[in-house]
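One structure is given below, encoded as structure tokens.
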Amino acid sequence: MTQAKLIDGNAFSANLREEITARVHEIRDFHHVTPGLAVVLVGEDPASQVYVRNKNKRAAECGMKSFEHVLPADTSEHHLLNLIEGLNDDPEVHGILVQLPLPKHIDAQKVIETIRPDKDVDGFHPWNVGMLASGGIGMIPCTPLGSLMMLRDHLGPLTGLKAIVVGRSNIVGKPMAHLLIRESCTVTIAHSQTRDLPAEVRAADIVVAAVGRPEMIRGDWIKPGATVIDVGINRIGLPDGKSKLVGDVKFDEAVKVAGAITPVPGGVGPMTIACLLRNTLTAAARLHRLDIPE
Ligand code: NDP
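Taking the UniProt record's numbering, the leading residue of the sequence shown gets 7, the next gets one more, and so forth.
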């Protein structure tokens, strides 16, 4: 029985981070600019704390400056917006990321809209959303960008391929679909109201799963030879009381049918942080009008 090729996000992201490190050193040595990333966390959510720590650690490893702002859960919206305005004006900060979700008393959309679009390394500001949708040059959200990089690396040009994105969230599904349209794929966007999802998935050469439902997409939904990008990260309990991470795709079934597939963990996840660093480097280069390849 054939086995799909595993698309190794750990190896891919390590290479990407190495390239970014070289560029960071180059612009530091030749242009005296050190890219800086500010990460803001409100509250004590343990998962968010781990994400923020990792983002800062990786930024520092690449030679960037990293600024961590950890605020108590009862921080007022006013205080958070003031902090962001300060970061907007800080010449040492080129990228600003506010870890989501935010506590309920804070309007996340207002916070996103306060970040300067050219420092919005998450790509969530409406200006960047519009740029992506209209084919302009803005900041591309990290998870879809990482997913696209892996697709292009594995498949080469994507022109004319049929792609399905399962999930239509603003942070993954919709930007992913826009990126695939840009690549001249024929794109279907599926969601919870889609009729006969298995048939829609079966027609696709590229499947991007961003649903948040453990192992929902089954092996017999996959077209033989298709490329599967599993964005989902779901923690499930095991009979022995322990737990493990699984994707949105039933991996042990899909791996027997697909041509290539990303594992969970070790697929899209590591690419997300690498792309955040890439966006920070891009932001620094654009803000200082440096002529380096993006
Ligand atoms: P959201 O909950 O915001 O969106 C989920 C989407 O899936 C919605 O559009 C929803 O449809 C759709 N959906 C839900 N149930 C079904 C169903 N039964 N059939 C078809 N579609 C369905 O999730 P996110 O986009 O934020 O995240 C998706 C997954 O990706 C999660 O597991 C998350 O943890 C993971 N993730 C991973 C990242 C990484 O770095 N690897 C980064 C970000 C997210 P509808 O709109 O109709 O409700």
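Every residue gets a Cβ at the ideal spot worked out from N, C-alpha and C, and that includes glycine.
Should residue i and residue j be called a contact, given that it needs their Cβ atoms to be closer than 8 Å?
| i | j | result |
| --- | --- | --- |
| I212 | L157 | yes |
| P41 | A280 | no |
| I13 | T268 | yes |
| H75 | A44 | yes |
| A196 | L203 | yes |
| M137 | N285 | no |
| L251 | A65 | no |
| V99 | L93 | yes |
| V274 | D236 | yes |
Got a sec: does ligand 1 put a non-hydrogen atom nearer than 7 Å to the Cβ of residue i?
| i | result |
| --- | --- |
| R219 | yes |
| S249 | no |
| N21 | no |
| H197 | yes |
| D51 | no |
| V237 | yes |
| T27 | no |
| L77 | no |
| T149 | yes |
| G275 | yes |
| I267 | no |
| T200 | yes |
What does DSSP give as the partner residues of residue i in its beta bridges?
| i | result |
| --- | --- |
| S72 | L43 |
| L77 | V48 |
| L251 | R241 |
| L12 | I267 |
| I298 | In DSSP, I298 forms no bridge with anything. |
For residue i, which residues from the same chain have a beta carbon less than 6 Å from its beta carbon, with the 5 sequence-adjacent residues on both sides left out?
| i | result |
| --- | --- |
| H37 | L296 |
| G231 | G265 |
| L164 | E189 and C191 |
Cutting at 7 Å between CB atoms, please list the residues of its own chain near residue i, excluding the five before and the five after it.
| i | result |
| --- | --- |
| T120 | L87, I90 and E91 |
| R224 | K256 and E259 |
Who are the near neighbours of residue i in its chain, counting only those whose CB is closer than 8 Å to its CB and skipping five residues on each side?
| i | result |
| --- | --- |
| K262 | M7, T8, Q9, A10 and G225 |
| H85 | L77 |
Practice item. Please list the segments of the alpha helix (DSSP H) lying wholly inside the segment 189 to 247, counting only runs of 4 or more residues, in order along the chain. Key: Qualifying alpha helix (DSSP H) stretches, in chain order: 203 to 208.
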